[in-house]
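Trainee: Here's a structure for you.
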Amino acid sequence: MAVAMALSSSALPCSLLMAALMLLASIAQVQGITRYYDFNVTMANVTRLCATKSIVTVNGQFPGPKLVAREGDRVVIRVTNHAQHNISLHW
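As numbered in our numbering, residues 277 to 367 make up the sequence shown, in order.
Okay, structure coming up:
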């Protein structure tokens, strides 16, 4: 009986410590970070199969760059249009 009481009383602080650590870890995961992206939109001539066309590129890439974010993150995107005409971006 005394052995069982000693085991259960020493296990209680350990389990409380584990519960507190898990709670702190879950709170830390909820808070996201702010991610910043700069997009420079330009027109570029591309030749494929002996035909040259003008296409819209973002930071010189087509398709544009990959955005990486996790749930809870805040994403700030600054778009600068260097093309002649208005454009719209969809994501």
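All C-beta atoms, glycine included, are put in the ideal place defined by N, C-alpha and C.
Identify whether S291 lies in helix, strand or coil by the three-state DSSP scheme.
Mentor: If DSSP states are grouped into helix, strand and coil, S291 belongs with the helices.
Trainee: Could you check whether A359 and V317 sit closer than 7 Å to each other, using their CB atoms as the reference points?
Mentor: Yes, the Cβ-Cβ distance between V317 and A359 is below 7 Å.
Trainee: Check the DSSP bridge columns for A320 and list the partner residues they point to.
Mentor: Answer is I331.
Trainee: Quick one: what's got a C-beta closer than 7 Å to I309's C-beta in the same chain, skipping five residues either side?
Mentor: Taken in chain order, the residues that qualify are D349.
Trainee: Among S291, W367, A327, which has the Cα closest to the Cα of K342?
Mentor: Answer by Cα proximity: W367.
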